[in-house]
């Protein structure tokens, strides 16, 4: 039985995957990615908090500005590249098969998908910086799950389907991340800029809209799949969209709706000045 499972696994990894990524770093097996993801969780939940226990928080202002600028620029590059290769011109929004040939656009999409996969690791530094600054309230369950699971999730697409219908998720996600990292870069510049960042909650709404678009785009293949796209990946990607939408909806409710209710309750009791100040902090 064990030998049969091993033979099926080897056939899947060697014969069913895209040969164009066979020699790419971390692409031979999902297990190195799993180990890195688990190490990330251990670092941000155990090791780094222990390291910071008796230390003052690091400021890291210049580091944050540079990091978020680079992340925003990289996300914008990936978004434009995915659009120019496929989603702006050549891809069907209804159903798009993967091009497994070695023509220029197909190879560029393979490289873009792989770079998107690698970008999920660079995003770990979001959490590292939160812990080093002792912003532990930012290291929520949602945050850690979102960052910890994405490299593993994207690995399967990069390994088997680098392009085609499932790349819509990366196309949308890179645009949202461009906006998000631009926001974080501006926020790191200090109070003079922060007072203009009233649109934080709308960034969360954008992320939620992204997940709706992702699962609608994936689940449409259940009703009509003219390009014969592997339906298991529609389940995989659509399921992620639903899962993260639920998590983000709960975060939005806790972070904004409940706080807004508290603000209104304070205002009714006559403490309008406090309510206004509180509202500014929330936004």
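Numbering (full-length UniProt numbering), first residue to last: 1 to 283.
The beta-carbon is built from N, C-alpha and C at its ideal position, and this holds for glycine as well.
{"Query": "Burial state of residue 14, where buried means 16 or more other Cβ atoms lie within 10 Å", "Result": "exposed"}
{"Query": "Classification of residue 224 by the beta-carbon crowding that lies within 10 angstroms, buried from 16 upward", "Result": "exposed"}
{"Query": "Cβ-based burial, residue 17 [other Cβ within 10 Å; buried from 16]", "Result": "buried"}
{"Query": "Separation of residue 211 from residue 96, as counted between CA atoms", "Result": "19 Å"}
{"Query": "Other residues of its chain near residue 215: CB distance less than 6 Å, five sequence neighbours each side excluded", "Result": "238, 241, 242"}
{"Query": "Cβ pair count under 8 Å reaching 3, the stretch 27 to 45 against the stretch 134 to 154", "Result": "yes"}
{"Query": "Residue ranges of each alpha helix (DSSP H) within the stretch 219 to 268, 4 or longer", "Result": "231 to 252, 258 to 268"}
{"Query": "Rounded C-alpha distance that separates residue 166 from residue 180", "Result": "22 Å"}
{"Query": "Buried or exposed (CB count within 10 angstroms, at least 16 for buried), residue 157", "Result": "buried"}
{"Query": "Runs of alpha helix (DSSP H) wholly within the stretch 174 to 216 (minimum 4 residues, chain order)", "Result": "191 to 194"}
{"Query": "Where residue 70 falls: helix, strand or coil (DSSP)", "Result": "helix"}
{"Query": "Buried or exposed (CB count within 10 angstroms, at least 16 for buried), residue 173", "Result": "buried"}
{"Query": "Residue span of the alpha helix (DSSP H) that contains residue 114, given as start and end", "Result": "104 to 122"}
{"Query": "Nearest to residue 127 (by Cα), restricted to the options 175, 190, 143", "Result": "143"}
{"Query": "Span of the alpha helix (DSSP H) around residue 42", "Result": "31 to 42"}
{"Query": "Residue burial classification, residue 190 (beta-carbon count within 10 angstroms, cutoff 16)", "Result": "exposed"}
{"Query": "Contact under 7 Å by Cβ, residue 195 with residue 256", "Result": "no"}
{"Query": "Distance CB(residue 80)-CB(residue 109) smaller than 7 Å", "Result": "no"}
{"Query": "C-beta contact flag for residue 245 and residue 234 at 7 Å", "Result": "no"}
{"Query": "Residues of its chain near residue 28, where Cβ-Cβ distance is below 8 Å and the 5 sequence neighbours each way are ignored", "Result": "13, 22"}
{"Query": "Cβ neighbour criterion (16 or more within 10 Å) applied to residue 92", "Result": "exposed"}
{"Query": "Residue from 163, 45, 209, 10 whose Cα sits closest to the Cα of residue 134", "Result": "45"}
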